[in-house]
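Residue numbers (my numbering), protein chains in the order written: chain A, 28 to 293; chain B, 28 to 293; chain C, 28 to 293.
Below: one structure, written as structure tokens.
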Amino acid sequence: MISAHSVFTDVQKIRSEAPLVHNITNYVVMNTTANALLSLGASPVMAHAIEEVEEMVAIARALVINIGTLSKHWIDSMVKAAAAAKRRGIPIILDPVGAGATRLRTETAHKLIVEAPPTIIRGNASEIRALYHTEGTTKGVDSTHSSDEALDAARELSRRYNCAVSVSGAVDHIVYGDSVIRIHNGHPLMPKVTGLGCTASALTGAFAAVNSSPLAAAAHAMAVMGIAGELAASKSSGPGTLQLHFYDALYKLQLSDVESHLKVDQ
Amino acid sequence: MISAHSVFTDVQKIRSEAPLVHNITNYVVMNTTANALLSLGASPVMAHAIEEVEEMVAIARALVINIGTLSKHWIDSMVKAAAAAKRRGIPIILDPVGAGATRLRTETAHKLIVEAPPTIIRGNASEIRALYHTEGTTKGVDSTHSSDEALDAARELSRRYNCAVSVSGAVDHIVYGDSVIRIHNGHPLMPKVTGLGCTASALTGAFAAVNSSPLAAAAHAMAVMGIAGELAASKSSGPGTLQLHFYDALYKLQLSDVESHLKVDQ
Amino acid sequence: MISAHSVFTDVQKIRSEAPLVHNITNYVVMNTTANALLSLGASPVMAHAIEEVEEMVAIARALVINIGTLSKHWIDSMVKAAAAAKRRGIPIILDPVGAGATRLRTETAHKLIVEAPPTIIRGNASEIRALYHTEGTTKGVDSTHSSDEALDAARELSRRYNCAVSVSGAVDHIVYGDSVIRIHNGHPLMPKVTGLGCTASALTGAFAAVNSSPLAAAAHAMAVMGIAGELAASKSSGPGTLQLHFYDALYKLQLSDVESHLKVDQ
Numbered sequence: 028m029i030s031a032h033s034v035f036t037d038v039q040k041i042r043s044e045a046p047l048v049h050n051i052t053n054y055v056v057m058n059t060t061a062n063a064l065l066s067l068g069a070s071p072v073m074a075h076a077i078e079e080v081e082e083m084v085a086i087a088r089a090l091v092i093n094i095g096t097l098s099k100h101w102i103d104s105m106v107k108a109a110a111a112a113k114r115r116g117i118p119i120i121l122d123p124v125g126a127g128a129t130r131l132r133t134e135t136a137h138k139l140i141v142e143a144p145p146t147i148i149r150g151n152a153s154e155i156r157a158l159y160h161t162e163g164t165t166k167g168v169d170s171t172h173s174s175d176e177a178l179d180a181a182r183e184l185s186r187r188y189n190c191a192v193s194v195s196g197a198v199d200h201i202v203y204g205d206s207v208i209r210i211h212n213g214h215p216l217m218p219k220v221t222g223l224g225c226t227a228s229a230l231t232g233a234f235a236a237v238n239s240s241p242l243a244a245a246a247h248a249m250a251v252m253g254i255a256g257e258l259a260a261s262k263s264s265g266p267g268t269l270q271l272h273f274y275d276a277l278y279k280l281q282l283s284d285v286e287s288h289l290k291v292d293q
Numbered sequence: 028m029i030s031a032h033s034v035f036t037d038v039q040k041i042r043s044e045a046p047l048v049h050n051i052t053n054y055v056v057m058n059t060t061a062n063a064l065l066s067l068g069a070s071p072v073m074a075h076a077i078e079e080v081e082e083m084v085a086i087a088r089a090l091v092i093n094i095g096t097l098s099k100h101w102i103d104s105m106v107k108a109a110a111a112a113k114r115r116g117i118p119i120i121l122d123p124v125g126a127g128a129t130r131l132r133t134e135t136a137h138k139l140i141v142e143a144p145p146t147i148i149r150g151n152a153s154e155i156r157a158l159y160h161t162e163g164t165t166k167g168v169d170s171t172h173s174s175d176e177a178l179d180a181a182r183e184l185s186r187r188y189n190c191a192v193s194v195s196g197a198v199d200h201i202v203y204g205d206s207v208i209r210i211h212n213g214h215p216l217m218p219k220v221t222g223l224g225c226t227a228s229a230l231t232g233a234f235a236a237v238n239s240s241p242l243a244a245a246a247h248a249m250a251v252m253g254i255a256g257e258l259a260a261s262k263s264s265g266p267g268t269l270q271l272h273f274y275d276a277l278y279k280l281q282l283s284d285v286e287s288h289l290k291v292d293q
Numbered sequence: 028m029i030s031a032h033s034v035f036t037d038v039q040k041i042r043s044e045a046p047l048v049h050n051i052t053n054y055v056v057m058n059t060t061a062n063a064l065l066s067l068g069a070s071p072v073m074a075h076a077i078e079e080v081e082e083m084v085a086i087a088r089a090l091v092i093n094i095g096t097l098s099k100h101w102i103d104s105m106v107k108a109a110a111a112a113k114r115r116g117i118p119i120i121l122d123p124v125g126a127g128a129t130r131l132r133t134e135t136a137h138k139l140i141v142e143a144p145p146t147i148i149r150g151n152a153s154e155i156r157a158l159y160h161t162e163g164t165t166k167g168v169d170s171t172h173s174s175d176e177a178l179d180a181a182r183e184l185s186r187r188y189n190c191a192v193s194v195s196g197a198v199d200h201i202v203y204g205d206s207v208i209r210i211h212n213g214h215p216l217m218p219k220v221t222g223l224g225c226t227a228s229a230l231t232g233a234f235a236a237v238n239s240s241p242l243a244a245a246a247h248a249m250a251v252m253g254i255a256g257e258l259a260a261s262k263s264s265g266p267g268t269l270q271l272h273f274y275d276a277l278y279k280l281q282l283s284d285v286e287s288h289l290k291v292d293q
């Protein structure tokens, strides 16, 4: 059961411990996800060279893998880093960006899931469906499905790979085995900012670093995303100003903000 | 003949159809051009791996190629993607960033123009001149010429390769065969934001996705760039705030904004 | 001896001459460092392909090398570019991001220092210590030491390689041989924005392009960073808005701002 109190306890842990979150992520969001992690209180590092990923994993408290702009040699690094994270027992978050849009993406996501099962998979509805169904249906990197349409796929993936599955959308669905948490926070302007899904995955890494429950960590991250988005939208005139106020909202988030905004079904 | 009405008809088409625009672009602007496309109403995707570019082109409605941070293996992907776009008949926009500054850039731009002729070439005056003249004269990626100094080169390139040529500057010149449209919109602060030229190319892709006239699509894109820049500048205290208000202005653009601001010679 | 007047004289030179600063830098900060250089008045270019770095160096007035997201083939380009810069006699600024966190980073920084000694090394305290001490102690890319703890390492590096060493922190220490300049400007919110250290290195490149004293150029850059940060923080509600106002502050910086804010010990 998550609550405003459980959400904010994790925020405070992140702020006081500043966990190092190792990201192997796409070019589009490297800057923005690093800023979101810093604003939340975590310490981000981006490193993808195969010569150094194991050493970086060795000092990190979570590994976030995001396949948004793949190349062959990056995939090798992802596999190596994930294996090292598995050996060390730190959480792995996988964001299967664009799974379903091309075979390279779908197959890479599957390869990563099988070879080093993630602790949490975080994607939009089209991506989560594509990981479960065989045919590709994703339009680029934006979802063409609502998150509840991906619920069956999320449940099956969770059971098969013993991981939490966090499906973002107008309503976020976070699934772990038979449990489902629905978060109703967020704002319609958020999908107009590139990479906020990737940011959700990065923040999920920070929460997983301080909370050993994959379900709670994933749900806390989505709650904070949605609430910070609502706070930011109230001060914004469009997607440009939203992105900045989003960082400010993460940085200044108070327990009272979470108490007054959190909308959760569980 | 373009008009406020023709500009805004395309904006509305982009907003309602959300065309997928496939970008193979440089590291500097991946985030900002994705945000501009989203703010305008298009759906951006960035994908450069040679294993997936053909599949991504297959679901896209325009391909934008930008050579701003080249590597050898990216060039192979650009050629493959452009050939696939040509076969499918979707528009190709080429941004020859830094052509004239190094042989790699000039030669790559020429190779792309010859092997898979673009629908629209969009560059600054120095770049367009460098594509036509043989000697390199560009200072890095910033223009050292005014756009009318590139007019002869633009005309010749347009005739030789049967494409529109969009030369950005204080006055934008959009050339197609014997036609020239001059757009007098924009603001002096815009060149102080990195990658707004690249953003112009990305938005040109969105307009070309919904308008089959290369001349009109290129001109509509430059008009929207310039008008959004003026609207943003009126709320900004420098280049930092300009960039954000620029996204907001794209997102909120109304027909009345275009009617009151558009300055065009044709 | 630096002064408000000497700082602003260099700012004016950068604004009037717009020196081309060639950056081989990391993916996270390509956009933000380009924007900072443009806001200051310099002309940034990012280029990393081994086929073109020598030509780009040939038209640049400073080379900034930043190892924040390394790959093997980027290292080859860095070495080649640095050698070309050495032959031309233009200043080289090295930012050893994450030195001490992995062997790849520590060894690459050493290789660059030995094979083409930089004019200025700019890093945080943990990175500068890691370049001098043999054991790795850096936590990712954030410093775990104060800048005066790195003073002995900075002095020794400066003597050994005849370069200035600029150690950023709550107080910046700029060292050249026996000289030390301490800059007390800056704001606690600045480390919450990703890549402001990398931005300091990029701006150091612009100052080194117009000032032949490595000590003065490095100190002027840190003074402008700190003062722009203070001006920006006074208008900001968090890290998101800080970043934007920082660009605006660079763009609008006046002599009177430097006179009223500069806090320097020398």
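Ideal Cβ placement from N, Cα and C applies to all residues, glycine included.
- Met249(C) has its alpha-carbon roughly 29 Å from the corresponding atom of Asn53(B).
- Counting every other CB atom within 10 Å of its CB across the protein chains shown gives His49(B) a total of 16 or more, marking it as buried.
- By alpha-carbon distance to Pro215(B), the top candidate from Pro266(B), Gln39(B) and Val207(B) is Pro266(B).
- DSSP places Leu47(A) inside the beta strand (DSSP E), whose first and last residues are Leu47 to Ile51.
- The criterion of a C-beta distance shorter than 8 Å is not satisfied by Gln293(B) and Ile155(B).
- Per DSSP, the unbroken alpha helix (DSSP H) holding His288(A) starts and ends at Leu282 to His288.
- For Asp199(A), the enclosing beta strand (DSSP E) stretches over residues Asp199 to Tyr203.
- A direct Cα-to-Cα measurement between Asn93(B) and Gly95(A) gives close to 18 Å.
- Put simply, the CB of Ile86(B) is near chain A, with a gap under 8 Å to one of its CB atoms.
- Collapsing the DSSP output to three states places Leu216(C) in coil.
- Judged by DSSP in its simplified three-state form, Ala136(C) adopts helix.
- Under the Cβ criterion of 8 Å, Leu271(A) is counted among the residues facing chain B.
- Residue ranges of uninterrupted beta strand (DSSP E) with 3 or more members, entirely inside the segment 199-278 of chain C and ordered along the chain, are 199-203 and 206-210.
- Per DSSP, Leu97(B) is not a residue of any beta strand (DSSP E), being assigned neither H nor E.
- Annotation for Ile120(A): the continuous beta strand (DSSP E) segment containing it runs Ile119 to Asp122.
- In this structure the segment 176-185 of chain A lies against the segment 196-205 of chain A, because at least three pairs of beta carbons, one per stretch, are closer than 8 Å.
- Cα atoms of Thr36(C) and Asn151(C): separation of roughly 27 Å, rounded to the nearest angstrom.
- Legend: CB atoms of the segment 167-199 of chain A lying less than 8 Å from CB atoms of chain B belong to residues Gly167, Val168 and Asp169.
- For Val72(C), the three-state secondary structure derived from DSSP is strand.
- In the three-state DSSP reduction, Thr36(C) falls in the helix class (H, G or I).
- The beta-bridge partner set that DSSP reports for Arg149(A) consists of Ser193(A).
- Listed along chain A are Asn58, each with a C-beta nearer than 8 Å to that of Val56(C).
- Shortest Cα-Cα distance from Ala85(A) to any of Ile117(A), Ala63(A), Ala136(A) and Asp103(A) involves Ile117(A).
- One finds Leu65, Ser66 and Tyr278 in chain A with Cβ atoms closer than 7 Å to the Cβ of Lys219(C), taken in chain order.
- Rounded to the nearest whole angstrom, the C-alpha separation of Lys113(A) and Val106(A) is 10 Å.
- Around Val55(B), the same chain offers Gly95, Thr96, Thr221, Gly222 and Cys225 as residues with beta carbons nearer than 8 Å, after the five sequence neighbours per side are excluded.
- Scanning chain A for C-beta atoms nearer than 8 Å to the C-beta of Arg156(C) yields nothing, as the closest lies near 16 Å away.
- Residue-level contact by beta carbon fails for Pro71(A) and chain B, as no gap is shorter than 8 Å.
- According to the DSSP assignment, Glu81(C) belongs to the alpha helix (DSSP H) that extends over Val80 to Ile86.
- Taken through DSSP and simplified to helix, strand or coil, Thr60(A) comes out as helix.
- At least one beta carbon of chain C lies nearer than 8 Å to the beta carbon of Met83(A).
- In the displayed model, Ala126(A) falls within a strand according to three-state DSSP.
- DSSP, read as helix, strand or coil, puts Val106(A) in helix.
- For Ala89(C), the pairing in a beta bridge is given by DSSP as Val48(C).
- In the three-state reduction of the DSSP assignment, Val168(B) falls in the coil class, being assigned neither a helical nor a strand state.
- Contact between Arg149(A) and Ser228(A) holds: CB atoms are separated by about 4 Å, below the 8 Å threshold.
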